[in-house]
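Q: Protein chains in written order, with the working numbering: chain V, 1 to 277; chain W, 1001 to 1351; chain D, 2001 to 2288.
Yeah, the Cβ is synthetic: ideal placement off N, Cα and C, and Gly gets one too.
Here it is, the structure in full.
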Amino acid sequence: MTISTTPLPVEVEAPVAKPAAKRSRLWAWLIFIAGALYFLVPLGATFWWSLRAEAGVLGFEAYRRLFDDANFWPSFTESVVNAVAAILLSLIIIVPTAYWVTLKLPRLRPVVEFITLLPFVIPAVVLVFGLIRLYGRPPLLLTATYDSSRVLLICAYAALSFPYMFRSVDNGLRAMDVRTLTEAALSLGAGWPTVMRRVIFPNLRVALLSGALLTFAIVIGELTIALFMAQQTFGPYMANLTRSKVYEPSAMAIVAFALTWVAMGTIALVTRPGRRR
Amino acid sequence: MSGGFLSLEGVRKEFDGVVAVDTFDLEVEPGEFVSFLGPSGCGKTTTLRMVAGFEEPTAGTIRLAGKDVTNAKPNERNIGMVFQSYALFPNMTVSENIAFGLRIRKEDSAARQERVDELLALIHLPDKGKAYPNELSGGQQQRVALARALAIRPQLLLLDEPLSALDAKIRDELRAEIRRIQRQLNITTIYVTHDQEEALALSDRVVVMSKGLMEQVGEPFEIYNNPATGFVASFVGQLNRLPVSVIDGEKGLVRAGQTELRTTSLVESPAGTEVSLMMRPEELTLDASEENVLDGTVESVTFLGSIVRVQVGVSVGRLTADLFNERLLKLPEVGDTTQISFPAHACWVMV
Amino acid sequence: MGGARRPPRFHFGRWLGVLPFFIFSGLFLIGPAVILAYRSLEGPDGTLTLDNYRALTTDTVMAAYGASIRLSLTTALVGGIFGFLLAWAVSMGGLGRSLRSGMTTFSGVASNFAGVPLAAAFIFTLGRVGVITDLLTWMGFDLYGSGFTLYRFWGLTLVYLYFQIPLMVLVLLPALDGLKQDWREAAENLGATPRQYWRRVAFPVLLPSILGTMILLFGNAFGAHATAYALTGGSIPLATLLIGQQISGDVLNNPGLGYAVAMGMVFIMAICIVIYSILQRRSERWLG
């Protein structure tokens, strides 16, 4: 027996708005607006202040003075160089470690993960304390000169980046199911260098970029370790600026915020699901 | 515990202009087991969710035991639902999960405990009361989900593809369990599945759906042996189709190539029309013992255990025959010429 | 019975890949911690002693630890609660996907925006001549006259929340996503109102995550140095500032005590991380 499929005259009912859902939406908006106010007002106030450097005029004078300041570019570039060095160092150490621990030495994973979490257990101020005491006198003297301290600084930054770098690379390896891919590649005849070059690294690009950008954001404005190692990087520069000038610090805060936004925004962009690499 | 009387009248659901369910009419008797069967996207789950109250119908009425529940909230309908993913609350033990609906209804703890014990016995898991869901196997979790839905003594039981996440063997066991419990409690049940074997084995009646439309409603035997549409015929069970032309509609005579075949079913088309002759594989035999005989060559032989599936190429197409296995059976070989035959009452014509 | 049993051989090659990691960590993470631990157990004459730890009860140290603990507890609680509400609003409050992804990106930025720029931004907002301070004065309310100051406890709390709340949001969003829609529907089907669902299912399931992250927040605030330094210049008692001062010059007049203070901080952070890991594992078990 067949059912007649001619449509009955239909009255489309207006969707009934569930009152509970509407009420909770109201609360959600209230909370969001409260949060937005809290986060945006300080930024707005700082930006507003930064525009008032020239008396009676709203302009970017503060920014001009900032970028013209004798110490701005030197300290900024020094921080950038430090960051890049720390990132490279961290990558060279972490990527093979993560790969090895995933594929060849899974039993070591808890130990490695524990170590990568040490920067959370040893805050920066304690770490720099230990570094100075450990490397402050012979035979391990590294704090004697500015440059040797700088090397120590870069190594410390690399170590501080371990939690983020390792988690990023580890997630990346897991997402690409590195074991299965490696086995597939090997069974198709690829040698190890090919596996690394054509299978592992291309699929890790996003994870590596995320880790690098996070590390960059952390290093660029870092104050604690740089301060106690007497390094003239961007962090101490900013601290000095806050004590010595009136308008430039506001421009500096906005610039710093913009920088962080670019770094994190790039991460968000590259880690968008479904993005074609 | 017997179920209520469920009726869906003109139920329709649109999502952003796309019609998911188009005019669904059904009356379910108390204690009846009805399956909604169809491929993914046919609207069966959407219809179920409308009965449960998780989707609002764009049009139509849903009545349960005489009461209009079309716009009632899901927590007011006294319907029990079993989800495909079990949906057991991970922070509660098995007993607490089962007792959840009873706690909401503020039954006292003695009554709750009694009911929980009753249900644990019903699902054959009497000593798992204190276990947590993640300690149980998939089949056990699904049974607990069933017990949880039944605890509140619902008028209607809804199951949304409850067995599709389970291994084949567990699926068979649990299928029998579900039917046994349903019969024992005599509870009206709606069961959604894409597995036609499940639908046929479990149901009093089957609703076959496709693209939001009800293709056919009937008992499993009817659906299988008298499919109303081409879709039902090919979705439920295996189907053979031969292109033939009508010789004499009243006498049921058709021509396949050079051979004349007869069917006892109604042929309304005039002579000369190209139609399809349909028959089920199990009605075919590899000899000339039945009325309609065709000559052909064996193209493939597949041993499936209890069934031996033989594909035979004939002049106008290919026929698949399902033969029962016998220990002393001599399997045909690929390339053998053979005759293949079927009775006149086993086939029917579709335009 | 059985073939020859090969004695386990030490495959040096297998360890090659992780050797740099261990060496580096030993030099720059473990080493510094060990030297501090060792020195903290050293008495003035070089013998091993626990005196330094006993001396932790001196006023300066207790004041610093007490203030740090109060600050961390407050920001963890307030940041945790508001962070949870914000995460809820943005994921389940029906505000739209673009607001949610905007919130996620912003949280990533804000949680890294600590230190000098953050302190500076708040000084410009709520400092003695800050924009909002002036606004309030213009509206008739003397902020600093009423006792508030940015450079003491409540001011610091306000500033710390700027990176505490986003951290809570970032961790809690995936947890809220893990709340399966099926659970809500099953609860509704069994007769529960939304409030009953939250009370009996959603909150209990989320609790390990919420508590664990609050503990993470506690540790985060406890170990923060740059922001407090930039804001106060080290003028108020805080554990991290005390350690900083100890590095520059022995303000405690007792080097051993200085090391003990540092190790005390490590100890507290370690407890936080351990409790967080335990709760995190439990939450992952339920939320997948």
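The alpha helix (DSSP H) with W/R1148 in it runs from where to where?
A: First-last of the alpha helix (DSSP H) with W/R1148: G1138 to A1151.
Q: Roughly how many angstroms lie between the CA atoms of W/L1136 and W/A1052, to the nearest whole one?
A: Roughly 27 Å between the two C-alpha positions.
Q: List the DSSP bridge partners of W/P1243.
A: Note: W/P1243 sits in a beta bridge opposite W/S1276.
Q: Do V/Q232 and V/S90 have their CB atoms nearer than 9 Å?
A: In this structure, V/S90 does not lie closer than 9 Å to V/Q232 by Cβ.
Q: Is it true that the segment 2263-2272 of chain D meets the segment 240-250 of chain V, where meeting means three or more beta-carbon pairs spaced less than 8 Å apart?
A: The segment 2263-2272 of chain D is not in contact with the segment 240-250 of chain V.
Q: Starting from the Cα of V/P106, find the closest Cα among V/L127, V/D170, V/W27 and V/L152 and give me that residue.
A: Closest option to V/P106, Cα to Cα, is V/D170.
Q: Just how far apart, CA to CA, sit D/M2001 and V/V178?
A: With a pLDDT of 45 at D/M2001, under the threshold of 50, the modelled position of this residue cannot be trusted, and the question is left open.
Q: So, using beta-carbon positions, are W/V1351 and W/S1265 closer together than 9 Å?
A: For W/V1351 and W/S1265, no; Cβs fall outside 9 Å.
Q: Do W/R1280 and W/A1228 have their CB atoms nearer than 9 Å?
A: Not in contact: W/R1280 and W/A1228 (Cβ atoms no closer than 9 Å).
Q: For the segment 1102-1122 of chain W, which residues have a CB atom closer than 7 Å to at least one CB atom of chain D, in sequence order?
A: Listed in sequence order: I1104 and R1105.
Q: Report the residue from V/M264, V/Y157 and V/G221 whose alpha carbon sits nearest the alpha carbon of D/L2118.
A: The option with the nearest alpha carbon to D/L2118 is V/G221.
Q: From this set, W/V1019, W/S1035, W/G1017 and W/G1031, which residue's C-alpha is nearest W/V1217's C-alpha?
A: The residue with the shortest Cα to Cα distance from W/V1217 is W/S1035.
Q: Are any of the Cβ atoms in chain D nearer than 9 Å to that of V/E222?
A: It does; some Cβ of chain D falls within 9 Å.
Q: For W/S1306, which residues does DSSP report across the bridge?
A: Answer is none; W/S1306 lacks a bridge partner.
Q: For the segment 2163-2185 of chain D, list every residue whose C-beta sits within 8 Å of some C-beta in chain W, in sequence order.
A: Flagged, chain order: K2180, D2182, W2183 and E2185.
Q: Nearest CA to the CA of D/V2131: which residue from V/W49, V/W261 and V/L181?
A: For the residues V/W49, V/W261 and V/L181, the minimum Cα distance to D/V2131 belongs to V/W49.
Q: May I ask you to list the residues that DSSP assigns as paired with W/W1348?
A: W/W1348 is bridged to W/M1278.
Q: Below 8 Å on C-beta distance, what does W/A1087 contact in chain D?
A: Neighbours of W/A1087 on chain D, chain order: K2180, D2182, W2183, E2185 and A2186.
Q: Under DSSP, the alpha helix (DSSP H) around D/G2031 begins and ends at which residues?
A: That run of the alpha helix (DSSP H) goes G2031 to S2040.
Q: Against chain V, does D/I2273 count as a neighbour if the rule is that its beta carbon must be under 9 Å from one of theirs?
A: So, interface residue.
Q: Is it the case that the Cβ atoms of W/V1308 and W/L1323 are separated by a distance below 9 Å?
A: Yes, these two residues count as a Cβ contact at 9 Å.
Q: Run the CB neighbour count on W/L1277, radius 10 Å, all protein chains shown included, and call it buried at 16 or more, exposed below.
A: Looking at its Cβ environment, which holds 16 or more other Cβ atoms inside 10 Å, W/L1277 is buried.
Q: When you compare only the Cα positions, how much space is there between W/E1222 and W/S1040?
A: Their backbone Cα atoms lie some 23 Å apart in a straight line.
Q: How would you list, in chain order, the residues of chain V whose beta-carbon sits under 9 Å from the beta-carbon of D/N2112?
A: By Cβ distance, chain V contributes L214, A217, I218, G221, T260, A263 and M264.
Q: Find the residues of chain D that neighbour V/I235, judging by a C-beta separation of less than 8 Å, and give them in chain order.
A: Here the sequence assigns Gly to residue 235 of chain V, which means Ile is not the residue at that position. Under the 8 Å cutoff, chain D gives G2115, V2116 and A2226.
Q: Check the Cβ-Cβ distances between V/Y63 and every residue of chain D, and say whether any is below 9 Å.
A: By this cut-off, V/Y63 is not an interface position.
Q: Return the chain-ordered list of same chain residues with a C-beta closer than 7 Å to the C-beta of V/A254, the five sequence neighbours on each side being excluded.
A: Checking the sequence, you will find Ile at residue 254 of chain V rather than Ala. Excluding sequence neighbours, V/I254 sits near T46, F47 and S50.
Q: Helix or strand or just coil, what does DSSP make of W/I1190?
A: Correct three-state label for W/I1190: strand.
Q: Along the beta strand (DSSP E) that carries W/T1061, what are the first and last residues, could you check?
A: Residues A1059 to L1064.
Q: Can you find a C-beta in chain D that's less than 9 Å from the C-beta of V/W73?
A: So, not an interface residue.
Q: At the 9 Å Cβ level, is W/M1209 part of the contact set with chain D, yes or no?
A: Not closer than 9 Å to any Cβ of chain D, the Cβ of W/M1209 fails to qualify, so no.
Q: Would you say D/V2109 and V/F257 are within 9 Å of each other, going by their C-beta atoms?
A: Result yes, Cβ atoms of D/V2109 and V/F257 sit closer than 9 Å.
Q: Determine whether the beta carbon atoms of D/Y2276 and D/N2052 lie at a separation below 9 Å.
A: Cβ atoms of D/Y2276 and D/N2052: not closer than 9 Å.
Q: Mind listing which residues of the segment 2118-2130 of chain D have their C-beta closer than 9 Å to chain V's C-betas, in chain order?
A: Cβ contacts with chain V come from L2118, A2119, A2120, A2121, F2122, I2123, F2124, T2125, L2126 and G2130.
Q: So V/M176 packs on V/N203, CB below 8 Å; how close in whole Å?
A: 4 Å between Cβ atoms; contact.
Q: Using a C-beta cutoff of 9 Å, does D/R2200 count as contacting chain W?
A: Yes - at least one Cβ of chain W is within 9 Å of the one on D/R2200.
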